[in-house]
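Let me begin by presenting the structure, written as structure tokens, before commenting on it.
Chains as they are written, first to last, in the working numbering: chain A, 842 to 1004; chain B, 1427 to 2494.
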């Protein structure tokens, strides 16, 4: 029988961190976490889960990217009114905007490319680990990653020019 | 191609990314997740519980199709019949609720266009507010409308609440549609009941390191065990070598089963080194003495120093840290803790960080325990691994005085005696010699086993005494009256209640000394089975009593304090000071009334003295009440097991054993003794029982332990000579363990700093402390918390007496002010609220008394549909709510409250259900009872604004406006200016302020405060009308209110008011 407590204990933080990096928004991340575990909980009723980490990480990345796409013009409440003690508030604001733009651009990538990019650069997974997580070949990971980088550069450049 | 390393220190900073992207990626990677949010999300995920395998689901695809059709049907029905939240466009991610505000004087239309702009989806809870007028801190002047805090409400709901809400919606539908909805809802997941007793699926005999992720275990290659036995204590030092066969680094969790009463005392892990991938170098063996000329086995610290870090990596050493403080170093993975320290088969577990690829890992772990004493022998056991090991060795070392008659099995060979120690050795290669290693020895004196040592600046002694309990020949029995306290709450199991009744009959039949008896049933409230007085212990009396228990329906929460109140102040005449046997027949965790065991027992002792002798029975396998039972029986009586019917005859005789009541344990002659502690604060001993005593002593030398007490009416004094020496190792920690457990047993937060200080000094893991792993433990150990500067005996006695006293108004005020520190994170808000606490009138400092008339519900008196539904699904919610509604309509408000409280018991730990029950209790006019339930929720979740808001509502209804204002303020502070449903909470607060100011019954200080708050919060005075619609997160009933500028309700259009919407002073 599945030791659910143990699964949550061992992988909960990873799931949360994966979603958090993609979304950067606490409430959204909590919701994604809930969706991921609910889905995993239901999945394991009907099929055997061989690698919980891979499954949960994959679900976390996919659900977070789904949420990112749905965001449209919703602005996270965090960060809007929090006074900063940073030395250079302007630089901080620019950094935040760049991070938001990167996330926005990720939401415009095809799902596989966005997922691969997030797992590689946000979660620090190797090609082999990404391949195992997404159940694709390492070659497909490399291709998706290459495309993701190229598309992101284009999207960010376009965004900068529009500005 | 060079090997890629995934170690953070070796990684190159992504040269393939452009500068901007790389900088953003780095920032995002290093942005820490908000810890509160993470813990909330983890808790929610845990609540899903372990799924039950339901393979039929995989086969019945048609069911899914049917569910999908039903779901579509439901959405359609919702759009057609539902109130506005369901009629809105579904353009926002589902599962979220929120507070919405619509501005614009005169504009009260709810068109789908406007509503859709900020509708959060078809959610069953939350608060929708349509507020004409300016909304504070939101938007710019001239905006037509704007949103306030859309989001975050969904995070407070459970899935079942959504089901419940959909069912509520369906009540307004035609019969056929309602059936369709029911058909759909039957497929929804139900909340799993929290099991009373949890056992791991797989027994853990040894330690293991399981990889995070797939749970695969590292290979256990070798185990060396060094056991040191001194007096009644033993320390087991285990050295384990694991191997990571993987080609990549991994993170893992260490787990180890600790035996009955064992307490982890040391942990160090060597994570491996690239130079020792083949395990060519083994660590120096813990079963060998550190120096050739020395006989004694190494201490854990010495064993750690024997392991070469160049072969085994830099060690991570466990230091005691307060829970939940996390270790400071980034590499440190988190604290290791025993899940139920001191209890049977506790598991010591925790994350141990990164393990290198293809590396051997060495773990040193030690635990200490008091050895059991059976049939005149000390017994030590160590479970052996389930599989063959490359290398397995066990060595047991004890005082040479134990050598005659000592035996170590399996294996042959006598012990070697040298330097006053006897040492037994066993070693195996590629073998599994048996289930366990057992060492038995006959101590020189069965009456006392003691050991002592010098630890730091102090000398400590621990002794196990076995006083002789004289037989009570020809003496009068302790009491001729007996009260059976029978738990009839919903959490009880029918089979166990049946056994309890059998046991009761058997006790009465076999104990002729009991002349009269009565039965006190309790759940939410308590009632005498025979309210008129005692029943004779005759066949007729017993039959009369037991026949009244036939057909009882188990319902309500477990409120032992209600039973204790009745016991101390019975409705019939009982002579003052009448001694009584009290037989407690309950398996349930205390869930209502006074839920803190120490407080309950201390007050009971303060009022009843020693005239009540408690006999507690463990009728099942659970040990939830072990601490409570131990406290109740510390001065007499006992705890007896009766897990099956065949145990009933023996259990029914157990209470008749003679006992020795302990009045005093002290040292006589020899060195001065301080901080004398008795394990479990025992004040009575039975034949074959023992007392574990520990103390600090001023110097070495002979002394005598004196036990004074009474056997029946006879005074008894027994003396046990002991020798205080400096050459032991284990007594200091034994004293520390006893001190920590004594301090924590009182559940008094003021004693926790002292417990943490002692635990740090003696490395005691407890509920207040855990092992944090540090690469450099000196950093942590350099500044251990200061030890308590009190006499521990006096501190414990004072704390116990204080627990037994009713708190003064000032103490309650201080407690409330101190709670603000836990509830509110912002200093400025805390300061303001302290001012509010200071002006609370005395009557508001204590929660209102909430005693229900107890009673029993019999099958004949309950709705058959309710009974049938409960038989089918014991945790179903709707049948209970319907039954409560029926009882309320029949004028049985207390019975309605009782059945509602059973829900909270069945769904223990679910805050949503607790709030649901509380709201319905308010609706039944039992707001005082609701305040207790919700105050428990606040205690469990001090940072949950929903808990504070619900408590505030109940307090207001219970007539405590000042206290209600306090919790509204806390809820608003926790939500922040833009939090979810902040507008709803603020509006409720404004209603409260207005109503109470209008009543004109507030004391002057509070009236001024209310005035100020109203001026601060209320921005809608000029609006002609105010419309608010609330569908609270739990009951999910919709209440639509239209109020005038003065806050007076003028209309409640929309849905017909439902039962739970008709709160006094609220709703339409």
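Glycine is no exception: its CB is placed at the ideal position from the N, C-alpha and C atoms.
Here the structure is a predicted model, which is why all the values come from computation and not from measurement.
Using beta carbons (cut-off 8 Å, strictly below), is residue 1444 of chain B in contact with chain A?
Answer yes: the Cβ-Cβ gap between residue 1444 of chain B and chain A drops below 8 Å somewhere.
Quick one: which chain A residues come within Cβ less than 8 Å of residue 1455 of chain B?
Neighbours of residue 1455 of chain B on chain A, chain order: 862, 962, 963, 965.
Quick one: which chain A residues come within Cβ less than 7 Å of residue 1468 of chain B?
Those are 849, 853, listed as they occur along chain A.
Tell me which same chain residues have a C-beta within less than 7 Å of the C-beta of residue 2078 of chain B, skipping the five on either side of it?
So the list reads 1929, 1932, 1933, 1936, once near-sequence residues are dropped.
Expected contact under 8 Å - CB spacing of residue 1891 of chain B and residue 2116 of chain B to nearest Å
Right, their Cβ atoms sit about 6 Å apart.
Answer with yes or no whether the minimum CB distance from residue 1939 of chain B to chain A is below 8 Å.
By the rule that beta-carbons nearer than 8 Å mark a contact, residue 1939 of chain B does not touch chain A.
Decide yes or no for the touch test of the region 2006-2013 of chain B against the region 1972-1982 of chain B: beta carbon pairs closer than 8 Å, at least 3 of them.
With the cut-off at 8 Å, the region 2006-2013 of chain B and the region 1972-1982 of chain B do not touch.
Coil, strand or helix - residue 1718 of chain B by DSSP:
Here residue 1718 of chain B sits in coil by DSSP.
With distances taken Cα to Cα, identify the nearest neighbour of residue 1695 of chain B among B:1788, B:1689, B:1674.
Nearest option by C-alpha distance: B:1788.
With a threshold of 6 Å on Cβ separation, who are the neighbours of residue 2256 of chain B within its own chain once the five nearest residues in sequence on each side are excluded?
Cβ neighbours of residue 2256 of chain B within its own chain (closer than 6 Å, five residues either side excluded): 2246, 2250.
The ligand ATP and residue 1987 of chain B: does any heavy atom of the ligand fall closer than 7 Å to the residue's C-beta?
As far as ligands go, the structure on display features none, and thus does not contain the ligand ATP.
Residue ranges of each alpha helix (DSSP H) within the region 1884-1960 of chain B, 4 or longer
Runs of the alpha helix (DSSP H) inside the region 1884-1960 of chain B: 1920-1936.
Span separating the alpha-carbon of residue 855 of chain A from that of residue 1857 of chain B
Taking C-alpha positions only, residue 855 of chain A is separated from residue 1857 of chain B by approximately 39 Å.
Among all the DSSP beta bridges, which residues are the ones paired with residue 2195 of chain B?
As a beta-bridge residue in DSSP terms, residue 2195 of chain B pairs with B:1748.
When the distance is taken between beta carbons, is residue 993 of chain A closer than 8 Å to residue 939 of chain A?
Against a cut-off of 8 Å, the Cβ pair of residue 993 of chain A and residue 939 of chain A comes out as no contact.
Short Cβ contact (8 Å threshold) for residue 858 of chain A with residue 906 of chain A
No, the pair does not count as a contact, with Cβ atoms beyond the cut-off.
With 16 other Cβ atoms within 10 Å as the buried cut-off, status of residue 2248 of chain B
Counting C-beta atoms within 10 angstroms of its own C-beta, residue 2248 of chain B has fewer than 16 neighbours from the protein chains shown and is therefore classed as exposed.
Decide if residue 1616 of chain B is buried, meaning its Cβ has at least 16 other Cβ atoms within 10 Å, or exposed.
Residue placement at residue 1616 of chain B cannot be trusted, given a pLDDT of 33 that sits under 50; the coordinates are not used to answer.
Whose C-alpha, out of A:983, A:865, A:941, A:898, is nearest the C-alpha of residue 1000 of chain A?
Shortest Cα-Cα distance from residue 1000 of chain A to any of A:983, A:865, A:941, A:898 involves A:941.
Is the Cβ-Cβ distance between residue 1656 of chain B and residue 2154 of chain B less than 8 Å?
For the pair residue 1656 of chain B and residue 2154 of chain B, the CB atoms are nearer than the 8 Å cut-off.
Mark residue 2315 of chain B as exposed unless 16 or more other C-beta atoms lie within 10 angstroms of its C-beta, in which case mark it buried.
Result: exposed.
4 or more residues per run - each alpha helix (DSSP H) lying fully within the region 2312-2397 of chain B:
Runs of the alpha helix (DSSP H) inside the region 2312-2397 of chain B: 2319-2332, 2337-2349, 2353-2366, 2371-2383.
Quick one: is residue 2187 of chain B buried, meaning 16 or more other Cβ sit within 10 Å of its Cβ, or exposed?
So residue 2187 of chain B ends up on the buried side.
Beta carbon of residue 2041 of chain B, beta carbon of residue 2063 of chain B: below 8 Å?
Cβ atoms of residue 2041 of chain B and residue 2063 of chain B: closer than 8 Å.
Excluding the five sequence neighbours on either side, which residues of its own chain have a C-beta within less than 7 Å of the C-beta of residue 2087 of chain B, listed in chain order?
Shown here for residue 2087 of chain B: same chain residues with a beta carbon closer than 7 Å to its own, the five before and five after excluded, namely 2061, 2062, 2109, 2110, 2135, 2136 in chain order.
Check the Cβ of residue 1679 of chain B against every Cβ in chain A and list those closer than 7 Å, keeping chain order.
Per Cβ cutoff of 7 Å: 851.
By how many angstroms is the C-alpha of residue 1917 of chain B removed from the C-alpha of residue 2333 of chain B?
Distance between the alpha carbons of residue 2333 of chain B and residue 1917 of chain B: 9 Å.
Compute the beta-carbon to beta-carbon distance between residue 1877 of chain B and residue 2156 of chain B, rounded to the nearest angstrom, for a pair I have assumed lies under 8 Å.
That pair is a contact at about 6 Å.
Proximity to residue 1805 of chain B [Cα-Cα], best of B:1795, B:1684, B:1864
When each option's Cα is compared against that of residue 1805 of chain B, the closest is B:1864.
Determine whether the Cβ of residue 2495 of chain B lies closer than 8 Å to any Cβ atom of chain A.
Here chain B comprises residues numbered 1427 to 2494, so residue 2495 of chain B is not present and cannot be evaluated.
Residue 1662 of chain B burial status per 10 Å Cβ neighbour count (16 or more: buried)
Label assigned to residue 1662 of chain B: buried.
Per DSSP, which one or two residues make a beta bridge with residue 1850 of chain B?
Paired residue(s): B:1822.
Are the CB atoms of residue 2292 of chain B and residue 2318 of chain B within a distance shorter than 8 Å?
Result no, Cβ atoms of residue 2318 of chain B and residue 2292 of chain B do not sit closer than 8 Å.
Are the beta-carbon atoms of residue 1886 of chain B and residue 2158 of chain B separated by less than 8 Å?
For residue 1886 of chain B and residue 2158 of chain B, yes; Cβs fall inside 8 Å.
In chain A, which residues lie with their C-beta within 7 Å of the C-beta of residue 1460 of chain B?
One finds 867 in chain A with Cβ atoms closer than 7 Å to the Cβ of residue 1460 of chain B, taken in chain order.
Quick one, are the C-beta atoms of residue 1909 of chain B and residue 2008 of chain B less than 8 Å apart?
Yes, these two residues count as a Cβ contact at 8 Å.
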